[in-house]
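What follows is a short report on a single structure.
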Amino acid sequence: MEVHSSLLLTSLVLIGLLSHITQTISHGNCEGSSQCTYVVRVRPPSNFSMDMSPMNLEDWYRSFLPPRMARSKPQSPFIHTYRQAILGFAVNLTKDEAEYIKTNDGVLMVYQDNLIPLLTTHTPDFLSLRPNGGAWNTLGMGEGIIIGLLDTGIDFAHTSFDDAGMATPPAKWRGSCKFESARCNKKLIGGKSLVGGENPEAPTDDVGHGTHTASTAAGRFVQRASVLGSGNGTAAGMAPRAHLAMYKVCTEQGCYGSDILAGMEAAIADGVDILSISLGGRPQAFHEDIVAIGTFSAMKKGIFVSCSAGNSGPLSQHTKQ
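In mature numbering (1 follows the signal peptide of the UniProt record, and there is no 0), the protein residues as written are -24 to -1, 1 to 297.
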């Protein structure tokens, strides 16, 4: 009950937090190129099992490709394959190849990949969170909760991610840190780089955005914090005792939808409680928005998804006079 209450607090906090707020294959560049990256969503057959081996899953996905691509073994033609966020795959195709795939009765939708911009945040002081009272004190500051972030990566050495006083990660956690150039701990318990395909590089932050959003969501208490020497005080995230897992899906240029979907795929499989997504593109119908489709899949599996609503506004038409 205590963990569920803490999850509710962390979820509500992140709503307030975010409401103001890529072997690697390159993404096909649709500007002046014969190929673009597409995400293909397929219909599950009646006998489909989530326990299908990765090799069998890829063989099945190959059956949707044009003949020349389906015979491309041993090199995989896919940028990403999915089974948790959606059933489908990301692949570089010509326009004619994309049209060929659309004719398959087992294909639900073919989405041309697009670049989605990063968003950021203002602090939610209105929640009146205090170390010595209120919801923070009552609900354990997010202790036992795992927050997965889809962003530009993270600065592993940042003081906000020190694990002093942190509890051991929950037993349900299935993620890991499979790299040597950076180290995880009891605060930062997982990380993957999924930009342009999963790769062994550490999800280090070359932009700063992911470190910012991660520390705002769950950074530990940092004494004597300041901004260029001004505003001295103690800095903390909204859920300072929560665990963090970073899924690097963005660069300085933005985030491709196929990589975002791969981040969701990994986070769902790893066992996060909350998915924090500080990015957003132009409005689309839900059935045409692969990010929305992926978040719905996460929600169906019991994960709270917090997406930013943008950095601008409010405009006059959004407020009562």
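Where is the CB? At the ideal position from N, CA and C, for every residue including glycine. In this text the structure is predicted, and so the values were computed from the model without any measurement.
Inset, instruction - Can you tell me the Cβ-Cβ gap for L84 and V18, rounded? I've got them flagged as a contact below 8 angstroms. - result: About 6 angstroms separates the two Cβ atoms, so the contact holds.
Legend entry - Boundaries (first-last residue) of the alpha helix (DSSP H) holding A242: From DSSP, the alpha helix (DSSP H) with A242 extends over G233 to D246.
Legend entry - Backbone CA spacing between T135 and G213 [nearest angstrom]: Spanning the two alpha carbons is a distance of roughly 12 angstroms.
Inset, instruction - Answer with buried or exposed for G270, where buried requires no fewer than 16 other C-beta atoms within 10 angstroms of its C-beta. - result: Buried, because 16 or more other Cβ atoms sit within 10 Å of the Cβ of G270.
Inset, instruction - Below 6 angstroms CB to CB, which residues in the same chain sit around G167 once its five sequence neighbours on both sides are set aside? - result: Closer than 6 angstroms at the Cβ level, and outside the excluded window around G167, lie C153, P179 and M222.
Inset, instruction - Identify which residue in S254, T70, K163 and T128 has its Cα closest to the Cα of R196. - result: For the residues S254, T70, K163 and T128, the minimum Cα distance to R196 belongs to K163.
Legend entry - Buried versus exposed, by CB contacts within 10 Å (16 or more), V171: Answer is buried; the Cβ neighbour count reaches 16.
Inset, instruction - Please state if the CB of L126 and the CB of S284 are separated by a distance shorter than 7 angstroms. - result: Cβ distance not < 7 angstroms, so S284 and L126 don't count as in contact.
Legend entry - Residue nearest to P53 in terms of C-alpha spacing, selected from F24, V67, P42 and R59: Nearest Cα to P53 within the set F24, V67, P42 and R59: V67.
Inset, instruction - With N32 as the anchor, note down where its alpha helix (DSSP H) starts and where it stops. - result: P30 to R38 is the extent of the alpha helix (DSSP H) around N32.
Legend entry - Burial state of G256 (16 or more Cβ within 10 Å): With a threshold of 16 other beta carbon atoms within 10 Å, G256 meets it and is buried.
Inset, instruction - Give me the Cα-Cα distance between G124 and N113, rounded to the nearest whole angstrom. - result: Just so you know, the alpha carbons of G124 and N113 end up roughly 23 angstroms apart.
Legend entry - Nearest-angstrom Cα separation, counted from M31 out to R150: Rounded to the nearest angstrom, the two C-alpha atoms are 21 angstroms apart.
Legend entry - CA-to-CA distance, V267 to S29, given in whole angstroms: As the crow flies, the alpha-carbon of S29 is around 25 angstroms from that of V267.
Inset, instruction - Starting from A143, trace the alpha helix (DSSP H) both ways and give me its first and last residue. - result: Segment: none, A143 is in no alpha helix (DSSP H) and carries neither H nor E.
Inset, instruction - Hey, could you find the ends of the beta strand (DSSP E) V18 is sitting in? - result: For V18, the enclosing beta strand (DSSP E) has its first and last residue at C12 to V18.
Legend entry - Bridge-paired residues (DSSP) for H219: Beta bridge pairing from DSSP links H219 with I122.
Legend entry - Contact check, I130 vs H219, beta carbons under 7 angstroms: No; because the gap between Cβ atoms is not below 7 angstroms, this pair is not in contact.
Legend entry - Minimum C-alpha distance to L63 - residue among A238, A74, D181 and E73: Comparing Cα-Cα distances from L63 to each of A238, A74, D181 and E73, the minimum goes to A238.
Inset, instruction - Please confirm whether any heavy atom of the ligand MN lies closer than 6 angstroms to the CB of G172. - result: Of the ligands one can find in the structure shown there are none, so the ligand MN has no counterpart to examine.
Inset, instruction - Look up V183 in the DSSP assignment and say whether it is helix, strand or coil. - result: Coil, per DSSP.
Inset, instruction - Write down the C-beta distance between G247 and I92 rounded to the nearest angstrom, noting that I regard them as a contact closer than 8 angstroms. - result: Contact doesn't hold; Cβ gap of about 25 angstroms is too wide.
Inset, instruction - Kindly identify the DSSP beta-bridge partner or partners of T57. - result: F65.
Inset, instruction - Evaluate K277 with the Cβ neighbour count: other Cβ atoms within 10 Å of its Cβ, from every protein chain shown; 16 or more gives buried, anything less gives exposed. - result: That one is exposed.
Legend entry - Residue from T189, T57 and E264 with nearest C-alpha to S282: Per the Cα distances, T189.
Legend entry - Anticipated Cβ contact below 8 angstroms, Q88 with C160, distance rounded: With a beta-carbon spacing of about 35 angstroms, Q88 and C160 fall beyond the 8 angstroms limit used to define contacts.
Legend entry - Pairwise C-alpha distance: S252 and N90: Looking at the two C-alpha atoms, the distance is approximately 20 angstroms.
Legend entry - Inter-residue Cα distance where the pair is T57 and Q229: In this model, T57 and Q229 are separated by some 23 angstroms (Cα to Cα).
Legend entry - Cα-Cα separation, V183 to P20: Taking the straight line joining both Cα atoms gives about 38 angstroms.
Inset, instruction - Give the straight-line distance between the Cα atoms of M240 and R44, rounded to the nearest whole angstrom. - result: Spanning the two alpha carbons is a distance of roughly 30 angstroms.
Legend entry - Given A193 as reference, the closest of L33, N175, M275 and F137 once Cα atoms are compared: The option with the nearest alpha carbon to A193 is F137.
Legend entry - Option nearest N23 by Cα separation, candidates L33, C226, Y14 and V15: Residue L33 holds the alpha-carbon nearest to the alpha-carbon of N23 among L33, C226, Y14 and V15.
Inset, instruction - Ignore the nearest five residues each way along the sequence and tell me which others in Y76's own chain have a CB closer than 8 angstroms to its CB. - result: For Y76, the CB contacts under 8 angstroms within the same chain, skipping 5 residues up- and downstream, are P42 in chain order.
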